[in-house]
Amino acid sequence: MDSLTTTAGTTKTEASSKSHDTLTITDNRTGKAYEVPITNGTIRAMDLRQIKTDPNDFGMMSYDPAYNNTAACISRITYIDGDKGVLRYRGYPIEELAEKSTYLETAYLLLHGELPTETQLKDWTWHISHHTFIHESIKKFLDGFHYDAHPMGMMISTIAALSTFYHDAKDILNEESRRKQTYRLIGKMPTIAAFAYRHTLGMPFVYPDNELSYPGNFLNMLFRTTETRYRPNPTLERALDVLFILHADHEQNCSANVIRGVGSSHVDPYSATAAAIAALYGPLHGGANEEVLRMLLEIGTVQKVPDFIKRVKTGEVKLMGFGHRIYKNYDPRARIIKRVAYEVFELMGKNPLLEIALECERIALEDEYFVKRKLYPNVDFYTGLIYQSMGFPMTMFPVLFAIPRTSGWIAQWQEMLLDPEQKIARPRQVYLGHDTRDYLSMEKRS
Ligand code: ACO
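Adding 3 to a residue's 1-based position in the sequence shown gives its number in this note's numbering.
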């Protein structure tokens, strides 16, 4: 070691005597050694900047496309252990919440950090259900969409349009304003989703019924026809509530990263949520549930599953609903969803695509290609089958993901805003393009 530089104003001897929670990096280009602190199993990327070959050198950066190994925030909302298949919201195991909680209670937990008392839950439910109505002009806005518009496109645009109605939403550093927008977003998502669905059918919109539960009212706005009062089937109402609990948050996934990134510019929460819905729409994220069903329909019969798996293994197609960036074990949500699926099938009749899905899962779980890559069914593998049995068209599947994820998005957005270490998100790049060159006139271009 030629020399030693330390961070946080400590010398190596001091740092070493206090703790061994440091990392020594030797730069073989210069022979210099650097000692950087380790906190919560991480080093700070900015601590690398001091590593230079000479004083004019910009300094070392870390390169991590798609954030495979970069923690971009400190969070206290959701915990995942991907190797063990563990998922907890604010410390509570997902299995317990799915069994004992409701979506609205879980949303409160995500946003406030604690389960509500009876009075708090009553108050929270009252506020959410009194923000379910949408401005009549939003209804007209929805009417402007073509009859075959994808409902996720309608959701993205309509949620973004809400920002033009609620100017107070720009006051993002005001706690009271954030609370109001939270009620509105969680309250209005099912209404806009249901209106988008009815629009594609050319059916009249059904206004919210605030006497019903959150999922019950959603079913009412979707499916009510001539009844004077819609009574949701309790099994379907509970199944939807459980699915909503399972989809409420999933720490730093693609859309959570988007709402944090977009929100870091201090834009209003409607615009930031619209961006998160757009991220969710993609087939590699929340759009996968729709793609799973298309895939099962394409396979068509159980006998054709082995051929399809062969195509997956040659890289021609993906087995949609399989694999996850974080879970390298069975997704705990998929296990619960499989149970819910059977409850729904008992009521609605078995989905004919179930056999194909089970065969895909059976083969994949035994096949070396999937075993080696630790590819297991994710949350989207069975949800499509449930949604289809409940009477939803495929295009509504990602919407059914977006509704409950709204509470997680707002929790992530709020945590980012209140974190004194966060500022506008702005990654670095490694520039490998041309060095400076002279403008080429048209006649000299080939
Ligand atoms: N089918 C076939 N092979 C797969 C699949 C799949 N579904 N998923 C990953 N692989 C393979 C990759 O080809 C790669 O193989 P290789 O090492 O030979 O190149 C290896 O497994 C690792 O895959 P990555 O793409 O590096 O994994 P990553 O973490 O980047 O991607 C993702 C995760 C996007 C979820 C991926 O597994 C996938 O595309 N799955 C299908 C889409 C899906 O179900 N998405 C929903 C995810 S859950 C959610 O967002 C709600």
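Beta carbons: idealized from backbone N, C-alpha and C, even for Gly. The model shown is predicted, which means the values in this text are computed figures rather than measured ones.
Excluding the five sequence neighbours on either side, which residues of its own chain have a C-beta within less than 6 Å of the C-beta of residue i, listed in chain order?
i	result
residue 74	45
residue 400	292, 293, 387, 390
residue 165	273
residue 12	The pLDDT assigned to residue 12 is 36, lower than 50, so where the model puts this residue is not dependable, and the model offers no usable value.
residue 4	The pLDDT assigned to residue 4 is 36, lower than 50, so where the model puts this residue is not dependable; a value taken from the coordinates is nonetheless given after this. Same-chain partners within the cutoff: 36.
residue 6	Confidence in residue 6 is poor, its pLDDT being 38 and thus under 50, which makes the residue's placement too unreliable to answer from.
residue 141	none
residue 192	406, 409
residue 320	314
residue 311	302
residue 14	Because residue 14 sits at a pLDDT of 38, beneath the cut-off of 50, its placement in the model cannot be relied upon, and the following sentence gives the value as read from the coordinates. Hits under 6 Å: none found.
residue 168	138
residue 180	171, 174
residue 290	284, 401
Have a look at the DSSP bridge pairing and note the partners of residue i.
i	result
residue 25	40
residue 3	Summary: the structure shown does not reach residue 3, with the chain confined to residues 4 through 449, and so no result is reported for it.
residue 380	325
residue 82	91
residue 30	35
residue 45	42
Go through its chain and collect everything with a Cβ distance to residue i's Cβ below 7 Å, but skip five positions before and after it.
i	result
residue 211	135, 136, 194, 220, 224
residue 16	Any reading at residue 16 needs caution, since the residue's pLDDT is 40, under 50, leaving its predicted position unreliable; the model's value is listed next. For residue 16, where only same-chain residues beyond five positions count, there are no Cβ hits under 7 Å.
residue 268	427
residue 118	108, 112
residue 330	85, 88, 379, 381
residue 101	245, 248, 249, 339
residue 372	316
Can you round the beta-carbon distance between residue i and residue j to whole angstroms, since I take them to be within the 8 Å contact cut?
i	j	result
residue 392	residue 347	5 Å
residue 336	residue 97	7 Å
residue 303	residue 383	At roughly 20 Å, the Cβ-Cβ gap does not stay under 8 Å, so residue 303 and residue 383 are not in contact.
residue 280	residue 405	5 Å
residue 248	residue 109	5 Å
residue 243	residue 222	7 Å
residue 362	residue 308	4 Å
residue 95	residue 112	7 Å
residue 132	residue 190	7 Å
residue 385	residue 218	No, residue 385 and residue 218 are not in contact; Cβ-Cβ is about 18 Å, not under 8 Å.
residue 207	residue 398	That pair is no contact at about 20 Å.
residue 299	residue 360	6 Å
residue 56	residue 29	Between residue 29 and residue 56 the Cβ distance is about 14 Å, and since that is not below 8 Å, they are no contact.
residue 322	residue 278	That belief does not hold up - the Cβ atoms of residue 322 and residue 278 are roughly 29 Å apart, past 8 Å.
residue 271	residue 162	With 8 Å as the limit, residue 271 and residue 162 do not qualify as a contact, their Cβ atoms being about 11 Å apart.
residue 1	residue 158	No statement about residue 1 is possible, as the shown extent of the chain runs from 4 to 449 and does not include it.
residue 93	residue 116	6 Å
residue 228	residue 350	At roughly 19 Å, the Cβ-Cβ gap does not stay under 8 Å, so residue 228 and residue 350 are not in contact.
I'd like to know whether the C-beta of residue i is nearer than 8 Å to at least one C-beta of chain D.
i	result
residue 264	Structure shown: chain D not included; a single protein chain is present.
Could you name the residues of the same chain whose beta carbon sits closer than 8 Å to that of residue i, not counting the 5 residues immediately before and after it, in chain order?
i	result
residue 226	233, 394
residue 449	none
residue 240	216, 218, 219, 222
residue 402	154, 155, 158, 196, 199, 200
residue 78	254, 255, 415, 418
residue 333	88, 379, 380
Original post:
Given 8 Å as the limit, is there contact between the stretch 362-379 and the stretch 225-242, that is, 3 or more CB pairs closer than that?
Top reply: When C-beta atoms of the stretch 362-379 are compared with those of the stretch 225-242, fewer than three pairs fall below 8 Å, so the two segments do not count as touching.
Original post:
Okay, do the stretch 138-151 and the stretch 248-255 touch, 3+ Cβ pairs below 8 Å being the bar?
Top reply: A contact between stretches requires three or more CB pairs, one per stretch, nearer than 8 Å, and the stretch 138-151 fails this requirement with the stretch 248-255.
Subject >> Validate contact between the stretch 63-80 and the stretch 33-48 using beta carbons, cut 8 Å, 3 pairs >> reply: Contact holds between the stretch 63-80 and the stretch 33-48, because three or more Cβ pairs, one in each stretch, are under 8 Å apart.
Original post:
With contact counted as at least three CB pairs below 8 Å, one residue from each stretch, are the stretch 416-426 and the stretch 81-97 in contact?
Top reply: With a cut-off of 8 Å on Cβ pairs, the stretch 416-426 is not in contact with the stretch 81-97, counting fewer than three such pairs.
Original post:
Between the stretch 178-188 and the stretch 407-418, do at least 3 Cβ pairs fall closer than 8 Å?
Top reply: A contact exists between the stretch 178-188 and the stretch 407-418.
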